[in-house]
Structure formats: C-alpha cells, structure tokens
C-alpha cells in the first residue's frame, strides 16, 4: 500500500528545496551559496528516493489488484459453469453431477465426476460397460475413480460359497 506519510514527507522535502532555491537568489556570499546548493541537492536526492519508493509501492498495488481481479473472474466463471449442473443420486448412493436440461445449450446431457468437480474441474464420466449386477460402470479418466450407477440387481447376484 502506498504510504501517505511518505508522500506527505516528499511534498515537504520539495517545498524545503524550493525555499532554499529562493534563499540562494538573495545570498551574495559564494560559500553560503555553495552550502545551500549542497543542502538542496541532498533534499532533491531524498525526494527522488521517496518518489521511487512510492512508485514501486504503487506498482505492487496495481499488480495485486490485477491478480485479485483475475481470481474474481475465475471464481465467477466457475460459478457460472457449476450452476449448469445438479448433483444427482443415480442409485445405490452413487452421486455425480449431471447437466441440467435447461442449461444444455445444444450439448448432450452428460455426467461429471464429483471428485474433480469439487476441485473446479469438469471431468466427463465415460461409460465402461454393464456389470454382472446390472449396474452401469462409469470411469473418470483424469482421476481414475469408478462409479456404479443404478441399483444392484440382487436376483442375478449370488454370494460365493466355499
């Protein structure tokens, strides 16, 4: 943040330098003129240093502002994307995000991985086939999670006997 006290001090230093310059015009003694010129040069150097520090701080504020605007934009963009989906129970307590029909905009209805969705990533679930218990097997290729959709068919399933 730009230090207002530093800017105020900078303005005071410049005023003092101007006052010294006015005094030099009235002095007839060459040694006094030299002393005042040296004093004025010191004040000007301090003022330049303060101005450069203020400029650096201002640049940092602009950079931070730019980064924050970028983050806000990313959050708003993800919110708009996330609002197009709803969390659905596909049976057997298996959940995934599904595209809302009213938000499809020509896209086919599809399902997204809830793990990746929680990380703000749209990862499509790919159908891998049907299991022996007649459940649809879906896999998220980026994270590797597998999901069984549908209620397990108990009639076709028998426990293993020893």
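In our numbering, the protein residues as written are 9 to 170.
Just so you know, even glycine gets a beta-carbon here, dropped at the ideal spot from N, CA and C.
Task: Complete runs of the beta strand (DSSP E) confined to the segment 30 to 99 [at least 3 residues] - done: 93 to 97
TODO: Please work out which residues of its chain come closer than 8 Å, Cβ to Cβ, to residue 89, disregarding the five sequence neighbours upstream and downstream, and give them in chain order.
DONE: 130
TODO: Identify the continuous beta strand (DSSP E) that holds residue 121 and give its terminal residues.
DONE: Unbroken run through residue 121: none, as it is neither H nor E.
- [ ] Taking the CB atoms as reference points, tell me whether residue 143 and residue 100 lie closer together than 8 Å.
- [x] yes
TODO: Within its chain, find whatever has a CB closer than 7 Å to the CB of residue 92; leave out the 5 residues flanking it on each side and keep chain order.
DONE: 107, 108 and 111
Open item on the list: Looking at residue 87: is its Cβ nearer than 8 Å to the Cβ of residue 105?
Closed with: no
- [ ] Using beta-carbon positions only, say whether residue 147 and residue 156 come within less than 8 Å of one another.
- [x] no
Open item on the list: Spatial neighbours of residue 120 within its chain, please: C-beta separation below 7 Å, excluding the five flanking residues on both sides.
Closed with: 93, 104, 105, 130, 131, 132 and 133
Task: Buried/exposed call for residue 21, threshold 16 Cβ in 10 Å - done: buried
Task: Between the CA atoms of residue 67 and residue 83 - distance to the nearest angstrom - done: 24 Å
Task: Bridge partner(s) assigned by DSSP for residue 104 - done: 96
Task: Per-residue burial, residue 140 [other beta carbons within 10 Å of its own, 16 or more giving buried] - done: exposed
Task: Residue closest to residue 12, alpha-carbon to alpha-carbon, out of 138, 65, 158 and 43 - done: 65
Open item on the list: Quick check: what's the CA-CA separation for residue 69 versus residue 62?
Closed with: 10 Å
TODO: Out of 151, 136, 115 and 145, point me to the one whose CA is closest to residue 122's CA.
DONE: 151
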